Amino acid sequence: MNLVLLGPPGCGKGTQAKMLFEKYDLMHISTGETFRELLKTDKLDNPADDPGAKEVKKYIDKGLFVPDDIVMKVVSNRLDREDCIKNGFLLDGFPRNLFQAKFLDKHLAQKDRKIYNVVSLELSDETIIARLSSRLICPSCGANYNLISQHPKADKKCDSCGKKLVQRKDDTVEVVKRRLDIYKNETFPLIKYYTTKHLLVKINAENNVEEVFKDICNAINNKI
Ligand SMILES: [Zn+2]
């Protein structure tokens, strides 16, 4: 079974991804993770083995976004590995746009493989903004808190080291709204594309983690 998981920032996508790949024994593939793994391998010394590696490094070293065609080359190489073919995969945060989605379909189709379901986690802007702008972090030990779901024991102080908790720069309401707009602009064509292909499963992500997970599993099982 090959799955794609889509969802705005703050929807709990990471948690659901983890629960899904554990339950269905899927390979969890994210571009960030794939890049990191790629940059660690010694293939970089021998780019002929993996032409994507050297290119990715060039962009990341300069702090630039890796262009779509290179992302595609690297991710499709990863998906062609035995573990992904045997177990199936869960794509997290990828494809990000229509170009990537079409490339992915074409690549898989050449090998008689395909995406089975695209799970889209949906929640209102209000909930996302409320969730993200209530996140706090400990500047000393890095522990995460949330004033809605994961309250520190003492008022805005870290449970483990007692330091005063702070908000991350990219968690302010203005920044969250901007990130949300970017997400919507990128994802809207994807949602449309997968809807026409009858692959899209919309899940209400306002509920708690267990309920959302149950809904995803039911939806997937119904479609198999
Ligand atoms: Zn701390």
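882 is the number of the first residue of the sequence shown in this note's numbering; add one for each residue after it. Every residue gets a Cβ at the ideal spot worked out from N, C-alpha and C, and that includes glycine. Keep in mind it's a predicted model, so treat the numbers as computed, not measured.
Candidates 955, 975, 920 and 914: closest to residue 883 by CA position: Here residue 883 refers to the residue found at position 2 of the sequence shown. Ranking the options by Cα distance to residue 883, first place goes to 975.
- request: Would you check if the distance between the CB atom of residue 902 and the CB atom of residue 971 is smaller than 7 Å?
  value: Translated into the one-based positions of the sequence shown, residue 902 becomes position 21. Translated into the one-based positions of the sequence shown, residue 971 becomes position 90. When the beta-carbon positions are compared, residue 902 and residue 971 come within less than 7 Å of each other.
- prompt: For the alpha helix (DSSP H) that contains residue 1067, what are its first and last residues?
  reply: The residue labelled residue 1067 in the question sits at position 186 within the sequence shown. Note, residue 1067: alpha helix (DSSP H), 1054-1077.
query: Rounded to a whole number of angstroms, what is the C-alpha to C-alpha distance between residue 1100 and residue 938?
result: Walking along the sequence shown from the start, residue 1100 turns up at place 219. Walking along the sequence shown from the start, residue 938 turns up at place 57. Looking at the two C-alpha atoms, the distance is approximately 39 Å.
- prompt: Which residues in the same chain as residue 997 place their Cβ atom closer than 6 Å to its Cβ, once the five residues preceding and following it in sequence are excluded?
  reply: Sequence index remark: in the sequence shown, residue 997 carries index 116 (1-based). Closer than 6 Å at Cβ, skipping near neighbours: 882 and 883.
message: Can you list, in chain order, the residues of its chain with a C-beta nearer than 6 Å to that of residue 1106? Leave out the 5 residues immediately preceding and following it.
response: This structure gives no information on residue 1106, because the portion of the chain shown stretches from 882 to 1105.
message: Considering only heavy atoms of ligand 1, does any lie closer than 6 Å to the CB of residue 1038?
response: Taking the first residue of the sequence shown as 1, we reach residue 1038 at position 157. Not a single heavy atom of ligand 1 lies less than 6 Å from the C-beta of residue 1038.
field: Heavy atom of ligand 1 within 6 Å of residue 1042 beta-carbon
entry: As a position in the sequence shown, residue 1042 is number 161, starting the count at 1. At least one heavy atom of ligand 1 is nearer than 6 Å to the Cβ of residue 1042, so yes.
- request: Give the secondary structure of residue 919 by DSSP, where H, G and I count as helix, E and B as strand, and everything else as coil.
  value: As a position in the sequence shown, residue 919 is number 38, starting the count at 1. In the three-state scheme derived from DSSP, where H, G and I count as helix and E and B as strand, residue 919 is classed as helix.
task: Would you tell me roughly how many angstroms separate the C-alpha atoms of residue 1054 and residue 1095, rounded to the nearest one?
output: Residue numbering aside, residue 1054 sits at position 173 when the sequence shown is read from its first letter. Residue numbering aside, residue 1095 sits at position 214 when the sequence shown is read from its first letter. Their backbone Cα atoms lie some 30 Å apart in a straight line.
task: Flag this pair as yes or no: are the beta carbons of residue 1015 and residue 1025 separated by less than 7 Å?
output: By 1-based counting over the sequence shown, the position of residue 1015 is 134. By 1-based counting over the sequence shown, the position of residue 1025 is 144. Contact check for residue 1015 against residue 1025 fails: the beta carbons are separated by 7 Å or more.
Close beta carbons around residue 1050, own chain, < 6 Å, minus the five adjacent residues each side: Counting from 1 along the sequence shown, the entry for residue 1050 is found at position 169. Taken in chain order, the list of residues that qualify is empty.
- prompt: How about the region 976-987 and the region 942-962: do they share at least three Cβ pairs that are nearer than 8 Å?
  reply: Segments in contact, yes.
- prompt: What do you reckon, is the C-beta of residue 1021 under 6 Å from a heavy atom of ligand 1?
  reply: Here the question's residue 1021 lines up with position 140 in the sequence shown. Residue 1021: yes, Cβ under 6 Å from ligand 1.
query: In terms of residue numbering, what span does the beta strand (DSSP E) encompassing residue 887 cover?
result: Here residue 887 refers to the residue found at position 6 when the sequence shown is read from its first residue. Going by DSSP, residue 887 is part of the beta strand (DSSP E) stretching over 884-887.
- prompt: Cα-Cα, which of 960, 1097, 1081 and 1060 is closest to residue 1006?
  reply: Taking the first residue of the sequence shown as 1, we reach residue 1006 at position 125. Between residue 1006 and the set 960, 1097, 1081 and 1060, the nearest pair of CA atoms involves 1060.
field: Other residues of its chain near residue 891: CB distance less than 6 Å, five sequence neighbours each side excluded
entry: The residue given as residue 891 occupies position 10 in the sequence shown. For residue 891, the CB contacts under 6 Å within the same chain, skipping 5 residues up- and downstream, are 1009, 1012 and 1013 in chain order.
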